[in-house]
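In the numbering used here, the protein residues as written are 9 to 266.
In C-alpha cells, the structure reads:
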C-alpha cells in the first residue's frame with residue numbers, strides 16, 4: 009500500500025516513476041491502477057452510505073400503515089382491503105389496489121402498482137411498463153415488517169455491494185483509456201524520434217492518468233467540480249503522457265514480461 013501511495017504521489021512530478029513503470033511489468037501496472045481506483049472511490053463510500061441511509065429512512069416512514077399483501081394462486085388480497093397509495097417526496101412509489109384494472113395501472117405515470125393479478129412497474133425514464141404476473145411470484149404474504157426489514161438491509165449492505173461494482177466499472181473505463189493512450193504514446197515517441205513499443209506506452213499511460221484521476225476525485229469531493237472541467241483533465245493526461253515518454257524510459261524496443 010505504501011508503494012502504491014508513493015507512486016501516486018510521484019506520478020505528479022517524478023520522471024523516474026515513469027521510467028520504473030515502463031521497465032516493469034504490465035501486471036504490476038494494472039495492480040497499481042486497480043488499487044488507485046479503489047482508493048479514489050473510498051470517500052464516495054461514505055457519501056453512498058449517507059445517501060442509502062437517507063433514502064431508506066424516508067421510505068421506511070412512507071410505508072407506515074401499509075396493509076398486508078396476501079398472494080395466493082396468482083391473486084392478491086389486501087388486509088385491510090381498499091386502495092393504498094405510498095408516496096416518497098411527493099412522487100408515487102407504490103399503489104396497492106386489488107380492484108384496479110390492468111389498463112388503468114398501465115396508464116399511470118410512474119410507480120409500482122399491484123392489481124389483483126399483476127405487478128406493474130412504470131418508470132418515467134421508459135416508454136413502456138413491465139408487467140409481472142403474480143403467478144410467477146408464488147404464494148406468499150408481504151407485511152409492513154417485511155418491507156421495512158428489506159429497507160434496513162438495503163441501508164446496511166447496499167453501499168458495500170455497490171462499491172466493488174463501482175470500482176470494477178471505473179477500473180475497466182480507466183483501462184480502456186490507457187489502451188487508447190498507449191497508441192498516443194507511440195505517436196509522441198515517434199515525433200520525439202524515440203523508440204517505444206506498445207506495452208511500454210500502455211504502462212506509461214496507466215501512470216499518466218493517475219494525476220487526473222486524483223485531482224478529479226478531489227474536485228468531486230469538494231462539491232465544486234466546475235473548476236476541473238473535462239477538457240482540462242484530458243489536457244492534463246496528455247501532458248503527463250508526454251512527460252512520461254519524454255523521460256527517455258523506452259530506449260529499448262523490447263517489452264518487459266507480463
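Ideal Cβ placement from N, Cα and C applies to all residues, glycine included.
Quick check: the region 31-39 against the region 208-215, are at least 3 beta-carbon pairs closer than 8 Å? yes
_Let me check understanding here. Comparing Cα to Cα, which of 197, 240, 199 lies closest to residue 223?_
By one-based count along the chain shown, residue 223 stands at place 215. For residue 223, the nearest C-alpha among the options comes from 240.
With DSSP collapsed to three states, give me the class of residue 208. By one-based count along the chain shown, residue 208 stands at place 200. Residue state, collapsed to three classes: helix.
Check: When the Cα of residue 158 is compared with those of 243, 20, 14, 61, which residue comes out closest?
Finding: The residue labelled residue 158 in the question sits at position 150 within the chain shown. Residue 61 is the option with its Cα nearest to residue 158.
**Message:** As a quick exercise: from 150, 136, 162, pick the residue whose alpha carbon is nearest that of residue 79.
**Reply:** What you label residue 79 is simply residue 71 of the chain shown in a count that begins at 1. Among 150, 136, 162, the Cα nearest to that of residue 79 is on 150.
Taking its Cβ as the centre, do 16 or more other Cβ atoms sit within 10 Å of residue 140, making it buried, or is it exposed?
Against the chain shown, residue 140 aligns to sequence position 132. Classification for residue 140: exposed.
task = Give the single residue among 94, 125, 154, 155 whose Cα lies nearest to the Cα of residue 144.
result = Here residue 144 refers to the residue found at position 136 when the chain shown is read from its first residue. Of the candidates 94, 125, 154, 155, the one whose C-alpha sits nearest the C-alpha of residue 144 is 125.
| message | With three or more C-beta pairs closer than 8 Å as the rule, is the region 42-62 touching the region 164-176? | response | yes
Burial state of residue 13, where buried means 16 or more other Cβ atoms lie within 10 Å:
For this step, residue 13 is matched to residue 5 along the chain shown. The residue in question, residue 13, is exposed, as its Cβ has fewer than 16 Cβ neighbours within 10 Å.
Practice item. Just tell me which of 16, 138, 97 has its CA closest to the CA of residue 319. Key: Because the chain in this structure spans residues 9 to 266, residue 319 falls outside the shown range and cannot be described.
Exercise. Taking only runs of the beta strand (DSSP E) that begin and end inside the region 139-174, which ones reach a length of at least 3 residues, in chain order?
Worked result: 148-150
Legend entry - Delimiting residues of the beta strand (DSSP E) encompassing residue 222: As a working mapping, residue 222 is identified with position 214 in the chain shown. Not the beta strand (DSSP E): residue 222 falls in the alpha helix (DSSP H), residues 218-230.
| message | Under 8 Å, with one C-beta from each stretch per pair, do the region 173-192 and the region 223-236 reach the 3-pair mark? | response | no
Per DSSP, which residues does residue 76 bridge with? Please list them. Taking the chain shown and counting its residues from 1, the one referred to as residue 76 is at position 68. According to DSSP, residue 76 bridges with 87.
Contacts around residue 119, its chain only, beta-carbon distance under 7 Å, and the 5 residues preceding and following it disregarded | For this step, residue 119 is matched to residue 111 along the chain shown. Apart from the 5 residues on each side of it in sequence, residue 119 sits with its Cβ closer than 7 Å to the Cβ of 100, 101, 102, 103, 130 in its chain, given in chain order.
Practice item. Please report how far the alpha carbon of residue 41 lies from the alpha carbon of residue 128, in whole angstroms. Key: What you label residue 41 is simply residue 33 of the chain shown in a count that begins at 1. What you label residue 128 is simply residue 120 of the chain shown in a count that begins at 1. Their Cα atoms are separated by approximately 43 Å.
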